[in-house]
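Beneath this line is the structure, given in structure tokens, with notes to follow.
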Amino acid sequence: MNRPGAPTAAEVELAEVFFADDRDAMFDRLVGGSPVRPARYLDGTPIYLVTGYDEVRQVLADPRFSNDGRNQSVLDPASAAGFPAEIQPFLLNGPGCTDPPAHSRIRRLTSKTFSSRRVQWLRPRIEQITDGLLRGIDGVEGEIDLVGALALPLPIMTICELLGVPAADQSRWRRWVEGMNAADRRTIAASARALIGYVGELIAERRRGGGADDLLSALITAQDDGEDTITDEELLSLIIAVLIAGHQTTVSLISGGLLLLLTDSRLMGRLRADPECLPAAIEEFIRYRGPADLAMFRYTLEPVRVGGVDIPAGQPVLCLYRTANHDPRVFPDPHQVSFDRLDNPHLGFGHGLHYCLGAALARLEGEVAIGAVLDRYPELALAHPERPPRWLPGLARALPALPVILGPSRPGSSRGQPAGPGR
47 MNRPGAPTAA
57 EVELAEVFFA
67 DDRDAMFDRL
77 VGGSPVRPAR
87 YLDGTPIYLV
97 TGYDEVRQVL
107 ADPRFSNDGR
117 NQSVLDPASA
127 AGFPAEIQPF
137 LLNGPGCTDP
147 PAHSRIRRLT
157 SKTFSSRRVQ
167 WLRPRIEQIT
177 DGLLRGIDGV
187 EGEIDLVGAL
197 ALPLPIMTIC
207 ELLGVPAADQ
217 SRWRRWVEGM
227 NAADRRTIAA
237 SARALIGYVG
247 ELIAERRRGG
257 GADDLLSALI
267 TAQDDGEDTI
277 TDEELLSLII
287 AVLIAGHQTT
297 VSLISGGLLL
307 LLTDSRLMGR
317 LRADPECLPA
327 AIEEFIRYRG
337 PADLAMFRYT
347 LEPVRVGGVD
357 IPAGQPVLCL
367 YRTANHDPRV
377 FPDPHQVSFD
387 RLDNPHLGFG
397 HGLHYCLGAA
407 LARLEGEVAI
417 GAVLDRYPEL
427 ALAHPERPPR
437 WLPGLARALP
447 ALPVILGPSR
457 PGSSRGQPAG
467 PGR
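Just so we're aligned, residue 47 is where the sequence shown starts under our numbering, counting upward by one.
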């Protein structure tokens with residue numbers, strides 16, 4: 047591939063980064079080097095890698111970079127996404143992979159539904175779901191996995207509540223979502239087909255019935271100033287994108303945040319002594335070890351200069367949130383976790399037009415879940431503190447398990463109150 051103006055440093059092999067035993071150490075080696083450099087994607091395709099904070103912000107906000115993979119011919123966006131073939135069309139036509147004006151239209155129709163104010167109305171219901179999950183493990187004397195018991199089911203159950211999925215169907219829904227993260231391709235494909243079919247039927251049912259108080263109905267009835275409405279195809283793509291992208295990132299935020307606390311007594315003591323700093327702690331968890339290490343691919347629509355490097359038109363560009371959020375030019379002592387950062391302009395949920403639509407919901411779920419665990423289990427500890435954490439290999443930042451010893455639950459710990467699913 048022709049690379050006019052490319053840096054002379056050796057190409058970064060991303061397979062070596064994302065499949066390393068210590069991926070954090072690999073990321074740290076990229077911090078402080080050239081902020082834009084040549085790299086090879088997992089399949090060996092030559093790409094440009096952007097690691098610096100200012101440079102990542104530029105790429106994410108610059109309209110000369112497209113999210114639509116059809117604007118280049120170097121990389122197959124379907125295979126690069128790493129998702130099963132059954133859902134690739136929905137993701138590639140979803141809000142994360144489209145450009146204005148199509149993207150702007152969908153954003154106008156959906157942004158109010160996912161706003162911080164509307165999401166905060168869900169807090170009592172999320173607290174109630176969390177309380178129910180924790181009551182199910184109260185009294186367990188041996189080790190228990192907080193990923194399987196809390197971090198994994200909470201986002202699924204929350205999405206079910208948001209969409210108005212009947213309680214009788216929620217166990218099937220959870221099985222399908224978890225199945226799409228399985229190692230077996232047939233399980234992934236079968237789960238994807240079942241979930242897509244169910245969501246399609248749910249949309250049709252809401253179209254026919256109407257009047258339900260849930261997020262899905264709000265999206266269906268949403269209109270912009272021109273009285274435009276969202277189509278069924280757009281709605282299905284949006285929901286699949288929220289399920290795939292939003293679910294695993296929230297799981298990682300909850301489990302990763304708890305892991306940081308359980309491996310640093312200073313942080314745990316600070317948060318127990320001052321629960322009011324939990325929102326700041328959530329922001330620092332996102333910055334330090336965010337739920338997503340990288341952005342969606344961008345593609346240059348014309349030659350662009352970034353970080354002193356000239357990138358030709360039609361080239362795939364990959365931005366690393368993880369390295370940008372550890373850039374010492376922006377974050378003093380970037381490799382230290384601090385709840386006292388007065389300004390924490392991290393890029394954990396992206397930047398610009400494609401800023402994560404579900405960011406407010408992920409923050410809320412993380413705050414409720416982590417706060418409830420700390421409040422309920424004052425003697426919470428890792429079951430195997432001598433073992434280093436094991437992250438799943440691959441592009442997603444995910445802990446397969448978080449084995450802990452709960453200890454006794456605190457009498458009178460906070461309880462959520464019932465609330466309507468979508469008010």
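No residue lacks a Cβ here, since even glycine has one placed at the ideal position from N, Cα and C. Please read all numbers here as calculations on a predicted model, not as lab measurements.
How would you label Arg436, buried or exposed, when you count the other beta carbons within 10 angstroms and need 16 or more for buried?
So Arg436 ends up on the exposed side.
Distance, Cα to Cα, Asp91 vs Gln118?
Residue identity check: residue 91 is Thr in the sequence provided, not Asp. When rounded, the distance between both Cα atoms is 13 angstroms.
To which residues of the same chain is Arg153 closer than 7 angstroms at the C-beta, ignoring the five residues directly before and after it?
So the qualifying residues of the chain are Pro141.
C-alpha distance - Tyr367 paired with Arg443, whole-angstrom precision
Linking Tyr367 to Arg443 through their CA atoms gives a straight-line distance of about 12 angstroms.
How long is the line joining the alpha carbons of Gln104 and Gly78, rounded to whole angstroms?
Just so you know, the alpha carbons of Gln104 and Gly78 end up roughly 18 angstroms apart.
Can you tell me whether Thr144 is helix, strand or coil according to DSSP?
When DSSP states are grouped into helix, strand and coil, Thr144 belongs to the coil group.
Compute the Euclidean distance between the alpha carbons of Gly354 and Arg110, then round it to the nearest angstrom.
If I take the Cα positions, the gap works out to 16 angstroms.
Please say whether Glu413 and Pro325 have beta carbons closer to each other than 8 angstroms?
At the C-beta level, Pro325 and Glu413 come within 8 angstroms of one another.
Do Thr156 and Asp114 come within 8 angstroms of each other at the CB atom, strictly closer than that value?
No; because the gap between Cβ atoms is not below 8 angstroms, this pair is not in contact.
Between the CA atoms of Gly336 and Pro81 - distance to the nearest angstrom:
If you take the alpha carbons of Pro81 and Gly336, they lie about 19 angstroms apart.
Please classify Ala85: does DSSP put it in a helix, a strand, or coil?
The three-state reading of DSSP puts Ala85 in strand, counting E and B together.
Relative to the alpha-carbon of Ser311, which residue among Asp278, Asn227, Cys206 and Leu428 has its alpha-carbon at the smallest distance?
When only C-alpha atoms are compared, the closest one is Leu428.
List the DSSP bridge partners of Cys365.
Beta-bridge annotation (DSSP): Cys365 is paired with Val96.
Specify the secondary structure class of Arg164 as computed by DSSP and reduced to three states.
Helix, per DSSP.
Using beta-carbon positions only, say whether Val193 and Ala447 come within less than 8 angstroms of one another.
Taking 8 angstroms as the cut-off, the Cβ atoms of Val193 and Ala447 count as close.
Look at the alpha carbon of Ala341 and the alpha carbon of Gly394, and state the distance between them as a whole number of angstroms.
Their Cα atoms are separated by approximately 9 angstroms.
Would Val58 pass as a contact of Leu95 if the rule is Cβ separation under 8 angstroms?
Closer than 8 angstroms, so yes.
Taking 8 angstroms as the cut-off, does the segment 413–423 touch the segment 167–181 (at least 3 CB pairs, one atom from each stretch)?
Touching, per the Cβ criterion.
Indicate the three-state DSSP secondary structure (helix, strand or coil) for Pro449 in the structure shown.
If DSSP states are grouped into helix, strand and coil, Pro449 belongs with the strands.
For Arg351, write down the residues that DSSP places opposite it in a beta bridge.
Answer by DSSP bridge pairing, in chain order: Asp356.
According to DSSP, simplified to helix, strand and coil, what is Ser80?
Ser80 falls in the coil class under three-state DSSP.
Would a C-beta distance cut-off of 8 angstroms place Gly360 and Ala107 closer than the cut-off?
Ala107 is positioned such that its CB atom lies no closer than 8 angstroms to that of Gly360.
How would you label Pro199, buried or exposed, when you count the other beta carbons within 10 angstroms and need 16 or more for buried?
Buried: at least 16 other Cβ atoms inside 10 Å.
Could you spell out the range, first to last residue, of the alpha helix (DSSP H) harbouring Arg344?
According to the DSSP assignment, Arg344 belongs to no alpha helix (DSSP H) but to the beta strand (DSSP E) extending over Arg344 to Thr346.
Going by beta-carbon coordinates alone, are Ile249 and Asp278 separated by less than 8 angstroms?
Yes, these two residues count as a Cβ contact at 8 angstroms.
Name the DSSP bridge partner or partners of Asp191?
According to DSSP, Asp191 shares a beta bridge with Pro449.
Helix, strand or coil: which one does DSSP assign to Ala427?
Ala427: strand per DSSP, three-state reduction.
Could you give the C-beta distance for Trp222 and Leu241, rounded to a whole number, given that I count them as a contact under 8 angstroms?
The Cβ separation is near 4 angstroms, so the contact holds.
Exposed unless 16 or more other CB atoms sit within 10 angstroms - verdict on Pro167:
One detail in the question is off: residue 167 reads as Trp in this sequence, not Pro. With fewer than 16 Cβ atoms within 10 Å of its Cβ, Trp167 is classed as exposed.
Pull up the distance between the alpha-carbon of Asp191 and that of Ser162, whole angstroms please.
Those two C-alpha atoms are separated by around 30 angstroms.
With 16 other CB atoms within 10 Å as the buried threshold, where does Gln382 fall?
That one is exposed.
So, helix, strand or coil for Phe111, using DSSP?
In the displayed model, Phe111 falls within a strand according to three-state DSSP.
Mind checking which residues open and close the alpha helix (DSSP H) that includes Leu304?
For Leu304, the uninterrupted alpha helix (DSSP H) segment begins and ends at His293 to Leu308.
Is it buried or exposed for Arg409, if we count other Cβ within 10 angstroms and need 16 for buried?
By the beta-carbon neighbour count (other beta carbons within 10 angstroms, threshold 16), Arg409 is buried.
Under 8 angstroms, do Thr233 and Gly246 count as touching if we go by C-beta distance?
No, the pair does not count as a contact, with Cβ atoms beyond the cut-off.
Going by C-alpha to C-alpha distance, which of Pro424, Ser112 and Leu180 sits closest to Ala148?
Proximity to Ala148 across Pro424, Ser112 and Leu180 peaks at Ser112, based on C-alpha coordinates.
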